[in-house]
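Here's the structure we're looking at; comments come further down.
Numbering (this note's numbering), first residue to last: 78 to 144.
This is the structure we're talking about:
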């Protein structure tokens with residue numbers, strides 16, 4: 078865990094840095110809560126991707142999709 082006197086690592090993309098700051102601010106400054114929410118969103122997206130891949134015809138997608 079970072080010490081209070083340490084500076085956060087710089088984010089090279091200003092738009093990404095702003096998005097990070099906004100996400101943390103939406104969670105009242107709690108970075109752990111922000112990360113937890115983002116991990117939940119990633120899990121939801123992965124589940125949606127798997128569901129969508131299951132609906133694609135194997136013959137149509139042969140060689141084009143992973144798995």
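Note that the Cβ used here is the ideal one computed from N, Cα and C, for glycine as well. It should be emphasised that the depicted structure is a prediction, and the values quoted were computed from it without experimental measurement.
Q. Where residue 101 and residue 86 are concerned, what is the direct C-alpha to C-alpha distance, given to the nearest angstrom?
A. Here residue 101 corresponds to residue number 24 of the chain shown, with the count starting at 1. Here residue 86 corresponds to residue number 9 of the chain shown, with the count starting at 1. The alpha-carbon atoms of residue 101 and residue 86 are separated by roughly 15 Å.
Collapsed DSSP secondary structure at residue 97 in the structure displayed: As a first step, residue 97 must be located in the chain shown, where it is residue number 20. Residue 97 falls in the helix class under three-state DSSP.
task = Could you check which residue in 105, 89, 136 and 142 has the C-alpha nearest to that of residue 127?
result = Start at 1 with the first residue of the chain shown, and residue 127 comes out as number 50. Ranking 105, 89, 136 and 142 by Cα distance to residue 127 puts 142 first.
* In three-state terms, what does DSSP make of residue 143? -> Here residue 143 refers to the residue found at position 66 of the chain shown. In this structure, residue 143 counts as coil in the three-state DSSP scheme.
Exercise for the section: With DSSP collapsed to three states, give me the class of residue 82. Expected result: As a first step, residue 82 must be located in the chain shown, where it is residue number 5. The answer is coil: DSSP assigns residue 82 none of H, G, I, E or B.
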